[in-house]
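Following: one structure in C-alpha coordinates, then a few remarks.
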Amino acid sequence: MDTEDVRTLILQAFPDASVEVQDFTGTGDHFQAMVVSERFAGLTMIKQHKLVYQSVQNYIDDGRIHALALRTFTPEQWQRASVQVEL
1244 MDTEDVRTLI
1254 LQAFPDASVE
1264 VQDFTGTGDH
1274 FQAMVVSERF
1284 AGLTMIKQHK
1294 LVYQSVQNYI
1304 DDGRIHALAL
1314 RTFTPEQWQR
1324 ASVQVEL
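Residue numbers (my numbering): 1244 to 1330.
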(Lines of atoms letter the chains of each structure in order from A and count residues from 1; the text may use other names and numbers.)
(Lines give C-alpha, C1' and ligand atoms only; values in the text may rest on other atoms or scores of the structure.)
Protein backbone atom coordinates (compact mmCIF):
# COMPACT_ATOMS: atom_id res chain seq x y z
CA MET A 1 0.00 0.00 0.00
CA ASP A 2 1.05 3.59 -0.33
CA THR A 3 0.18 6.65 1.70
CA GLU A 4 -2.52 7.78 -0.72
CA ASP A 5 -4.28 4.40 -0.43
CA VAL A 6 -4.41 4.75 3.36
CA ARG A 7 -5.49 8.39 3.12
CA THR A 8 -8.33 7.45 0.76
CA LEU A 9 -9.59 4.72 3.11
CA ILE A 10 -9.67 7.14 6.03
CA LEU A 11 -11.35 9.86 3.96
CA GLN A 12 -14.08 7.42 2.90
CA ALA A 13 -14.99 7.04 6.58
CA PHE A 14 -14.33 10.71 7.43
CA PRO A 15 -15.23 12.79 4.37
CA ASP A 16 -15.06 16.02 6.40
CA ALA A 17 -11.55 15.29 7.66
CA SER A 18 -8.14 16.67 6.98
CA VAL A 19 -5.86 13.63 6.68
CA GLU A 20 -2.11 13.36 6.32
CA VAL A 21 -0.40 9.97 6.07
CA GLN A 22 3.28 9.07 6.09
CA ASP A 23 5.03 5.76 5.51
CA PHE A 24 7.49 5.89 8.37
CA THR A 25 9.57 2.84 7.44
CA GLY A 26 9.45 2.97 3.65
CA THR A 27 8.13 -0.60 3.52
CA GLY A 28 4.54 0.22 2.55
CA ASP A 29 3.01 -1.37 5.63
CA HIS A 30 3.94 0.90 8.57
CA PHE A 31 2.12 4.22 8.54
CA GLN A 32 1.42 7.19 10.71
CA ALA A 33 -1.60 9.40 10.17
CA MET A 34 -2.88 12.70 11.47
CA VAL A 35 -6.65 13.04 11.23
CA VAL A 36 -8.60 16.21 12.04
CA SER A 37 -12.37 15.74 12.11
CA GLU A 38 -15.38 17.33 13.78
CA ARG A 39 -16.64 13.78 14.26
CA PHE A 40 -14.15 13.38 17.14
CA ALA A 41 -15.88 16.04 19.26
CA GLY A 42 -16.78 14.69 22.69
CA LEU A 43 -14.97 11.37 22.18
CA THR A 44 -12.01 10.06 24.11
CA MET A 45 -8.77 9.57 22.21
CA ILE A 46 -9.28 5.80 22.37
CA LYS A 47 -12.73 6.09 20.77
CA GLN A 48 -11.33 8.42 18.12
CA HIS A 49 -8.59 5.93 17.28
CA LYS A 50 -11.04 3.02 17.18
CA LEU A 51 -13.13 4.89 14.61
CA VAL A 52 -10.10 5.43 12.40
CA TYR A 53 -8.90 1.84 12.79
CA GLN A 54 -12.34 0.64 11.66
CA SER A 55 -11.77 2.39 8.33
CA VAL A 56 -8.64 0.32 7.64
CA GLN A 57 -9.39 -2.86 9.60
CA ASN A 58 -9.68 -5.13 6.55
CA TYR A 59 -6.17 -4.08 5.51
CA ILE A 60 -4.80 -4.68 9.00
CA ASP A 61 -6.47 -8.10 9.05
CA ASP A 62 -4.97 -9.17 5.71
CA GLY A 63 -1.52 -7.79 6.60
CA ARG A 64 -1.29 -4.99 4.06
CA ILE A 65 -1.12 -2.57 7.00
CA HIS A 66 1.09 -3.85 9.78
CA ALA A 67 1.08 -0.70 11.91
CA LEU A 68 -0.80 2.58 11.96
CA ALA A 69 0.21 5.23 14.48
CA LEU A 70 -2.47 7.88 14.92
CA ARG A 71 -2.79 11.46 16.04
CA THR A 72 -6.41 12.60 16.10
CA PHE A 73 -7.84 16.04 16.72
CA THR A 74 -11.06 17.98 16.49
CA PRO A 75 -10.64 21.17 14.45
CA GLU A 76 -10.55 23.17 17.68
CA GLN A 77 -7.89 20.91 19.21
CA TRP A 78 -5.84 21.14 16.02
CA GLN A 79 -6.06 24.92 16.03
CA ARG A 80 -4.86 25.06 19.65
CA ALA A 81 -2.05 22.60 18.93
CA SER A 82 -0.98 24.60 15.86
CA VAL A 83 -0.85 27.81 17.87
CA GLN A 84 1.33 26.11 20.50
CA VAL A 85 3.70 24.86 17.83
CA GLU A 86 4.13 28.36 16.40
CA LEU A 87 5.25 29.77 19.77
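Built from N, CA and C at the ideal position, the CB exists for glycine as well. A quick note: this is a predicted structure, and the numbers were derived from the prediction, not measured.
Cβ-Cβ distances below 7 Å link Gln1291 to Phe1283 and Thr1315 in the same chain, with the five nearest sequence neighbours on each side left out; the list follows chain order. The beta carbon of Thr1246 sits closer than 8 Å to the beta carbons of Val1264, Gln1265, Asp1266 and Phe1274 from its chain, once the five residues preceding and following it are set aside; these are given in chain order.
Under the three-state reduction of DSSP, Thr1251 is assigned to helix.
Beyond the five residues adjoining it in sequence on each side, Asp1259 comes within less than 8 Å, by CB distance, of Ser1280, Glu1281 and Arg1282 in the same chain, given in chain order. By the CB criterion at 8 Å, Val1278 and Val1262 fall inside the cutoff.
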